[in-house]
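Here is the structure we will look at.
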Amino acid sequence: MKRVWIVIILNMGIIWGIDLRQVVTEIRNVKDEKFTKKEVLLGINSVNLENSPFWTSQSFAGSIWGTHLVDITGDGYPEVITIYEEYGSGGGYCYLYLNNNGVIGSTPSWQSSDLDRHVMADFGDYDNDGDLDMAVASYGVLGGVTKIYRNDNGNLTNSPVWSGGSGTMCAWGDYDNDGDLDLAMVDMFYYPRVFKNNNGNFILSWQGSDYNLDFACTWADIDNDGDLDLLVGNINWQIPTLRIYYNTNGVLENVASWKSACKGESLAASGIFACDFDKDGFLDVAVSCGFSDNNKNIIFKNHNGVLDTIPFWFSTDLSPSGSCIFGDLNNDGFLDFAVNNGNEGAVYENIGGSISPNYSWQSNEPGGLGVDLGDIERDGIMIKQDTFIGNGIRKLFYLSIIPIQRILEITINGISIPISDYTYHLKSGWISFKNAPSSGSQIVVKYEYSIDLDFLLSDYEHNNAHLYRNTTVLIPEKQKTISYKIQNLFHNSALFINKNFYLYDVTGKKLKGMNKNGIYFLKNKEGNKKFKIVKF
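This note's numbering numbers the first residue of the sequence shown as 1 and each following residue consecutively.
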């Protein structure tokens with residue numbers, strides 16, 4: 001059997017072994033130390049995703065584009081949703097596979113009634129009733145229509161309850177800060193548009209006037225002023241790859257004042273995701289680039305609310321990428337970059353705030369457009385509370401971890417507030433309140449996230465979706481007693497009794513102990529064994 005070193009971080013301490021059996025034995029030998037927090041077993045593999053799919057969807061007529069992990073039923077287990085484009089005279093429906101306590105159905109339990117050129121979906125609670133509704137972008141000069149399927153107590157309507165104009169991608173966002181979700185959409189044949197949510201009715205309220213031939217969009221507070229800006233990605237090689245329509249107190253500019261300096265055939269934007277990958281307090285922007293064979297994925301750095309116009313990071317691969325998302329796949333506290341790279345699904349690992357330009361993991365099945373992250377089996381669910389202090393003006397707040405599995409409760413000064421008073425986006429991690437919390441008020445958001453994110457990929461070659469489980473091993477939360485009482489948990493762990501290993505930080509500096517959270521490396525005296533440790 002292959003020997004794999006495993007390091008366990010238990011609050012402030014470490015236990016180690018060459019395989020899981022040895023680690024479990026070591027845990028059972030410890031006495032009198034109680035832990036109530038669920039912890040993580042980390043192996044030497046950076047990204048612990050399976051080599052082969054755990055689950056594969058059915059293949060239907062048409063071409064699969066988007067694929068999503070979202071909890072439609074409200075039980076905490078995310079369903080799988082696949083989005084098909086009409087091809088010729090067949091296909092073009094949306095399908096939902098029910099998740100029954102971690103088991104994904106082999107056949108869809110829901111199918112949309114309308115045939116269309118569906119591309120991608122986004123999910124949010126537009127009617128503030130506590131469940132996630134589905135917006136689907138559908139394109140086409142001759143009839144493609146973006147639409148909304150309402151979620152009624154865990155069941156999507158078969159027919160859309162609203163339909164608007166053509167779109168290649170749509171995104172939920174509360175751009176006017178009124179506590180409900182508005183819908184943005186972009187298209188290859190129309191200018192970008194925003195439909196305002198007026199008590200569940202969507203009315204065209206804004207339209208750009210500078211460019212079209214767009215494919216991707218998202219909402220993000222790039223300048224950190226408390227409202228969501230609209231980010232749009234272009235596939236016209238003569239137009240900047242990315243542009244931003246800044247939002248000032250609920251008013252979007254009609255001509256984007258920020259445009260990337262880069263453009264060209266190899267930088268056609270097919271996906272956009274904004275997040276603080278380097279933990280400096282400002283949202284950076286990643287763009288997955290596709291539609292030609294020689295595309296590099298890129299990231300723009302945010303400096304104190306001002307986004308660079310030239311990417312500071314490029315991937316080394318040359319693939320026609322689809323969409324992208326960020327999530328902590330290796331449990332080191334930093335967000336990794338997950339992409340459907342057209343030819344395969346891929347993950348670029350984030351090591352201490354620096355993203356590797358090379359794959360840390362890639363799928364063994366072909367890719368396409370859709371990619372998503374979520375905990376299918378809920379085997380890595382953690383509960384966290386973020387606390388904010390209101391200033392009487394700000395309504396928009398970002399949570400410290402993304403993606404979120406679900407929000408459990410929000411309180412202001414200890415009083416629980418109803419879902420009708422706020423809205424949110426689970427993948428991006430923002431919350432928007434209907435009324436600004438008063439100055440000095442304490443806002444506490446209690447939510448679930450996962451330390452065991454699984455990877456979902458759409459396969460354009462075979463017209464199905466593949467789910468790769470995260471193989472990180474967890475210490476059961478039920479466990480109440482641990483091995484012998486570790487007083488100085490670092491030096492008294494089994495690892496350092498024989499003094500055969502040295503500890504280093506990410507810069508290579510030799511240390512005597514781990515005084516703060518972060519990434520550390522262990523190297524034996526001979527220099528032929530090296531292990532990564534994450535303390536959090």
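Backbone N, C-alpha and C define an ideal beta-carbon position, used for all residues, glycine too.
Quick caveat, the model's predicted, so the values are computed rather than measured.
Taking all protein chains in view, the Cβ of L373 is crowded by 16 or more other Cβ atoms within 10 Å, so the residue is classified as buried. Of all C-beta pairs linking the region 365 to 381 to the region 459 to 468, three or more are shorter than 8 Å, placing the two stretches in contact. For L318, DSSP records no beta bridge to any residue. Under the Cβ criterion (8 Å, minimum of three pairs), the region 321 to 336 counts as touching the region 286 to 293. Under the three-state reduction of DSSP output, S432 falls in the strand class. Exposure of H303 is indicated by the presence of fewer than 16 other C-beta atoms within 10 angstroms of its C-beta.
Unbroken alpha helix (DSSP H) stretches of 4 residues or longer found wholly inside the region 304 to 369: none. I383 is bridged by DSSP to E448. Taken atom to atom, the span from the alpha-carbon of H466 to that of Q362 is near 13 Å. Per the coordinates, the alpha-carbon of D125 lies some 24 Å from the alpha-carbon of G144. Between the region 210 to 227 and the region 425 to 436, the count of C-beta pairs closer than 8 Å reaches three or more; the two stretches touch. With a contact defined as Cβ atoms closer than 8 Å, F195 and L181 miss out at about 10 Å. Assignment of S138 by DSSP, reduced to helix, strand and coil, places it in the strand class. Excluding its 5 nearest sequence neighbours in each direction, V444 has C-beta neighbours in its own chain below 6 Å: Q385, T387, T411, listed in chain order. Of the other Cβ atoms in all chains shown, fewer than 16 fall within 10 Å of the Cβ of F312; this residue is therefore exposed. Taken through DSSP and simplified to helix, strand or coil, D421 comes out as helix. For S319, the CB contacts under 7 Å within the same chain, skipping 5 residues up- and downstream, are N295, N341, G342, N343 in chain order.
CA-to-CA, the gap between W65 and V119 works out to about 5 Å. For D122 against A135, the beta-carbon gap comes to about 5 Å, under 8 Å, which counts as contact.
Taking the Cα positions, S450 is about 8 Å away from I404. Secondary structure at S112: coil, using DSSP grouped into helix, strand and coil.
Counting along the chain, the unbroken beta strand (DSSP E) around V232 starts and ends at 229 to 234. Under DSSP, A269 forms a beta bridge with C289.
Here DSSP, grouped into helix, strand and coil, assigns H462 to coil. Beta-bridge partners of C217 (DSSP): V232. Going by C-alpha positions, W172 is about 45 Å away from G513. Taking the CA atoms as reference points, T67 sits about 24 Å from F189. Note that the C-beta distance between N99 and I407 is not below 9 Å. The shortest CA-to-CA distance from D178 to any of A269, S292, I393 is the one to I393. With distances taken between CA atoms, L283 lies nearest to I272 out of I272, F291, D293. Boundaries of the beta strand (DSSP E) around K196: 193 to 198. For G173, the enclosing beta strand (DSSP E) begins and ends at 169 to 173. Sixteen is the threshold: when 16 or more other Cβ atoms of the shown chains lie within 10 Å of the Cβ of P240, as they do, the residue is buried. In the DSSP annotation of this structure, Q238 is not part of any beta strand (DSSP E), being labelled neither H nor E.
The three-state secondary structure of I404, taken from DSSP, is coil. Counting along the chain, no beta strand (DSSP E) covers L132, and no H or E run does either.
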